[in-house]
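Engineer:
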Amino acid sequence: MRSFLAKDKGELIGAVEREHRCVIEIKETTEKQQDDEDDSDELSSLSDYEEDVDEDDETIGTPEGKKVIWKLGNIEEEEADILVCSVGSNLNLSIGAIARAMSQLAGPALQDALIKATANNHLRPGEVVHTIPGNLPCNHAVFLCVLPILQTLLWKCFDEASQLGWCSIALPLIGTGTLNFPHDVAVQVMVDEAIRHSNTYPNSPIEEFRFIVHGEDKEGISAFEEKFRHFKEENQRRCLVPRMPQTGHTNRRRKETPIFPGPRCTKVLIGDVAVEVVKGDITKESSDGIISLVREDLQMKHGNLSAAIANASGNAVQEELTAKFPHPSGSAVTTSAGDMAAKCIIHMVVASGNKRHLLKCVQAALKEAHSLDLKSVFHSSYW
1 MRSFLAKDKG ELIGAVEREH RCVIEIKETT EKQQDDEDDS DELSSLSDYE EDVDEDDETI
61 GTPEGKKVIW KLGNIEEEEA DILVCSVGSN LNLSIGAIAR AMSQLAGPAL QDALIKATAN
121 NHLRPGEVVH TIPGNLPCNH AVFLCVLPIL QTLLWKCFDE ASQLGWCSIA LPLIGTGTLN
181 FPHDVAVQVM VDEAIRHSNT YPNSPIEEFR FIVHGEDKEG ISAFEEKFRH FKEENQRRCL
241 VPRMPQTGHT NRRRKETPIF PGPRCTKVLI GDVAVEVVKG DITKESSDGI ISLVREDLQM
301 KHGNLSAAIA NASGNAVQEE LTAKFPHPSG SAVTTSAGDM AAKCIIHMVV ASGNKRHLLK
361 CVQAALKEAH SLDLKSVFHS SYW
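Residues in the sequence shown are numbered from 1 upward in steps of one, following UniProt numbering.
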């Protein structure tokens with residue numbers, strides 16, 4: 001080898017040509033041409049991504065080289081680093097088909113570990129904890145207590161897996177049970193948020209996002225098939241768009257992104273409805289409507305929110321409410337907005353702080369807003 005490499009350029013090329021019975025042609029390359037070739041290689045790699053990542057009908061690849069996969073199966077039998085399961089606030093793993101199946105396979109150690117991992121044997125809505133897996137085929141089990149904002153739940157699970165340093169996370173179809181999301185909406189949110197997490201945190205250790213659908217969940221299967229088919233069709237259309245010619249060498253290296261840079265999402269889409277978190281004074285918002293609350297006596301004096309709205313709207317609103325007395329708890333009453341910029345106020349009639357009762361009140365207010373064809377509604381997080 002040493003004597004072979006010691007030959008001058010001509011002898012070296014001749015030796016290779018004789019050895020392999022080929023002709024070698026040498027072209028001089030200028031620095032500019034080399035830069036253009038580098039650009040071409042990089043564009044080619046992007047093209048390769050577009051062609052190669054969609055390995056089958058159940059897999060979507062992201063530009064960061066990660067995979068989003070859906071598959072038929074039982075979540076408790078999936079071999080992944082992280083298995084996700086929803087659980088009630090009381091942590092009882094015998095309630096719910098998925099929790100029960102995971103508990104039976106894992107053994108009693110899983111229920112014990114879940115209780116030890118939580119404060120006061122309780123999970124708040126939206127809270128996520130991880131435990132040992134027991135006999136489950138994973139490294140950690142992640143439990144979540146559901147809340148209506150599905151995107152937040154998913155990001156908390158993805159962040160938990162990232163912080164633990166694992167490469168694969170498997171989730172069942174979330175949101176179609178207690179939260180009552182339509183299957184197509186839940187699937188769209190789950191897939192979109194997995195892709196968005198990959199885009200936002202390319203350095204996250206997660207390499208595979210897996211969504212496990214039970215074989216008897218026909219609506220779930222159909223929704224995933226349609227979502228993945230639509231995604232691939234859109235990707236193919238993007239591939240057909242001609243690229244702009246390159247005018248020079250540019251540095252396309254991806255900017256390094258910290259895995260957890262801080263607060264992320266203040267606006268999410270659920271179907272064609274936008275839900276946005278805005279910091280401000282609800283009494284000064286100019287919108288079609290704002291949502292407030294009153295007790296069964298319909299008096300705007302209970303709670304800081306109702307009192308603030310009463311002060312900003314003037315006496316006319318309270319007079320309208322008094323004229324509509326009585327009204328059953330769990331319902332909604334609409335009045336004008338008085339001196340405020342909003343067009344109307346929807347008052348939830350609240351009797352207690354029970355979670356189910358409050359959910360009923362919020363649903364009544366949103367149905368009222370829908371019946372009035374309101375396009376924008378503000379709801380305070382502070383009652």
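By construction, the Cβ of each residue, glycine as well, lies at the ideal position given by its N, Cα and C atoms.
Between the region 54-69 and the region 137-151, do three or more beta carbon pairs fall short of 8 Å?
Structural biologist: No, they do not touch.
Engineer: Helix or strand or just coil, what does DSSP make of alanine 369?
Structural biologist: Helix.
Engineer: Let me know if histidine 122 comes out buried or exposed under the rule of 16 or more other beta-carbons within 10 Å of its beta-carbon.
Structural biologist: With fewer than 16 other Cβ atoms within 10 Å, it is exposed.
Engineer: Among residues of its own chain, excluding the 5 on either side of phenylalanine 378, which ones have a beta-carbon nearer than 6 Å to its beta-carbon?
Structural biologist: Only Ile282, Glu285, Ser287 and Ile290 meet the Cβ criterion.
Engineer: Please confirm whether alanine 223 and histidine 197 have their CB atoms less than 8 Å apart.
Structural biologist: No.
Engineer: Within this structure, are the beta carbons of isoleucine 60 and phenylalanine 228 separated by less than 8 Å?
Structural biologist: Yes. Within cutoff.
Engineer: For lysine 71, name the three-state secondary structure that DSSP assigns.
Structural biologist: In the structure shown, lysine 71 sits in a strand (DSSP, three-state: E or B).
Engineer: Taking the runs of the beta strand (DSSP E) that are 3 residues or longer, which of them lie wholly in the region 276-346?
Structural biologist: Here the runs fully enclosed are 289-294 and 332-336.
Engineer: Output needed for aspartate 52: all residues of its chain with C-beta closer than 8 Å, excluding positions within five of it in sequence on either side, in chain order.
Structural biologist: Bear in mind that the predicted position of aspartate 52 carries a pLDDT of just 42, short of 50, making it unreliable; the figure below should be weighed with that in mind. The answer, listed in chain order, is Gly61.
Engineer: Who pairs with threonine 59 in a beta bridge, going by DSSP?
Structural biologist: Note: threonine 59 sits in a beta bridge opposite Ile69.
Engineer: Would you list the one or two residues that DSSP bridges to phenylalanine 209?
Structural biologist: Answer is Val68 and Ile169.
Engineer: Grab me the residues of glutamate 193's own chain with a C-beta within less than 6 Å of its C-beta, minus the 5 sequence neighbours each way, in chain order.
Structural biologist: Correct list, in chain order: Gln151 and Leu154.
Engineer: Just reading off the beta strand (DSSP E) that cysteine 138 is part of, what are its end residues?
Structural biologist: Segment: none, cysteine 138 is in no beta strand (DSSP E) and carries neither H nor E.
Engineer: Counting along the chain, where does the alpha helix (DSSP H) carrying histidine 197 start and finish?
Structural biologist: Looking at the DSSP string, the run of the alpha helix (DSSP H) that includes histidine 197 is 183-200.
Engineer: When you compare only the Cα positions, how much space is there between glycine 220 and phenylalanine 181?
Structural biologist: For glycine 220 and phenylalanine 181, the distance between alpha carbons rounds to 11 Å.
Engineer: Are the Cβ atoms of valine 294 and histidine 357 separated by less than 8 Å?
Structural biologist: Contact flag unset, no.
Engineer: Is the region 127-137 touching the region 165-172, taking contact as three or more C-beta pairs under 8 Å?
Structural biologist: Too few Cβ pairs lie closer than 8 Å, so no.
Engineer: Considering only their Cβ atoms, is the gap separating serine 313 from glycine 338 smaller than 8 Å?
Structural biologist: A contact, by the Cβ cut-off of 8 Å.
Engineer: Applying the criterion that 16 or more other CB atoms from any shown protein chain within 10 Å of the CB defines a buried residue, is proline 108 buried or exposed?
Structural biologist: Exposed: under 16 other Cβ atoms inside 10 Å.
Engineer: Please name the residue, chosen from Val362, Glu208 and Met102, that lies closest to alanine 80 on a Cα-to-Cα basis.
Structural biologist: Closest option to alanine 80, Cα to Cα, is Glu208.
Engineer: Taking a contact to mean a Cβ-Cβ separation below 8 Å, would you say residue 389 touches isoleucine 345 in this structure?
Structural biologist: Only positions 1 to 383 of the chain appear in this structure, which leaves residue 389 out of reach.
Engineer: Following the continuous beta strand (DSSP E) through threonine 131, name the residue where it begins and the one where it ends.
Structural biologist: First-last of the beta strand (DSSP E) with threonine 131: 128-131.
Engineer: Might you give, ordered along the chain, the residues of its own chain that have their beta carbon closer than 7 Å to the beta carbon of glutamate 320, omitting 5 neighbours on each side?
Structural biologist: Around glutamate 320: Thr335 and Ser336.
Engineer: Expressed to the nearest angstrom, what Euclidean distance is found between the alpha-carbon atoms of serine 380 and asparagine 304?
Structural biologist: Those two C-alpha atoms are separated by around 11 Å.
Engineer: Here's the rule: buried if 16 or more other CB atoms are within 10 angstroms of the residue's CB, otherwise exposed. What is glutamate 78?
Structural biologist: Glutamate 78 is buried by the Cβ-count criterion.
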